[in-house]
Every structure is written in structure tokens, then in C-alpha cells.
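**Q** Have a look at this one.
Structure follows, in C-alpha cells:
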């Protein structure tokens, strides 16, 4: 049986642009970077309050990256969805959907450079 989630991998073509998005727009921290034995450039990032990492992989030998519509996304919690939206838009990444109200708070989506969807969730404060 598995013990815990370690990382999720997304393969990209433009590594510098994608890493800039995850660091500058989302505020993730780069925790390590290396080249795999087969030649993949790998960058691992994490959110400040998470243990799991996201592995961004660039391996041109695998062919073109084709991100399917509505196949996968990563969700992050934010304190203030409106403030995040202004920050992301200032970096050239406006919300692609939302904000939308839900029973537990609000959520919105932004598209990462390679077309992967990122969900931002602002949880409702309990009284």
C-alpha cells in the first residue's frame, strides 16, 4: 500500500517560462533541480505549507507536449482570491474562469503557460 503523495509531474516545452509562472505568479519555492539519467531537466517546487512537490519536466525527446482539455489540474489554497487575481493578471495570467461562489468558499482558474489548468480556492472563514 502507498504511504503518501510525493509529487505530481507535468511535462512542458518552455521550462524557464513555466518555472517563472510557478515561482513568480503562484509563489512556489524551488526545492531542487537536476537532470535525470535519460536527460530530462527536472525542477521540483512546493507551496510554503505543503510537503508534496510538483515536478516540472522538460524532455524534448518525448515529443510535443499536448495538454488535453479538462483532463487534469492542480488546486492551491489562497487567502484572498481577489488579491491573487490582481497579482496574476499583473503578470499576464488573468483568471480563465471564475471567481465562482461555492458552499465552502470561492474558486477560480488560471491557465499556466503550457495550458495546464490551475485552480485557486479561497475557503470560507468559519465564524
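In the working numbering, the protein residues as written are 855 to 981.
Glycine is no exception: its CB is placed at the ideal position from the N, C-alpha and C atoms.
1) Less than 8 Å between the beta carbons of residue 906 and residue 859, yes or no?
2) Taking residue 897 and residue 968 to be in contact with their CB atoms under 8 Å, please state how far apart those CB atoms are, rounded to whole angstroms.
3) In or out: residue 885 buried (at least 16 other Cβ within 10 Å) or exposed?
4) Taking Cβ positions, are residue 880 and residue 900 nearer each other than 8 Å?
5) Using only the alpha-carbon positions, how far apart do residue 931 and residue 889 sit?
6) Throw me the rounded Cβ distance for the residue 963 and residue 955 pair, which I believe falls under 8 Å.
7) Note down, in chain order, each residue of its chain lying with its Cβ closer than 7 Å to the Cβ of residue 959, except the 5 sequence neighbours on either side.
**A** Put simply:
1) yes
2) No, residue 897 and residue 968 are not in contact; Cβ-Cβ is about 13 Å, not under 8 Å.
3) exposed
4) no
5) 30 Å
6) That pair is no contact at about 14 Å.
7) 975, 976, 977 and 978
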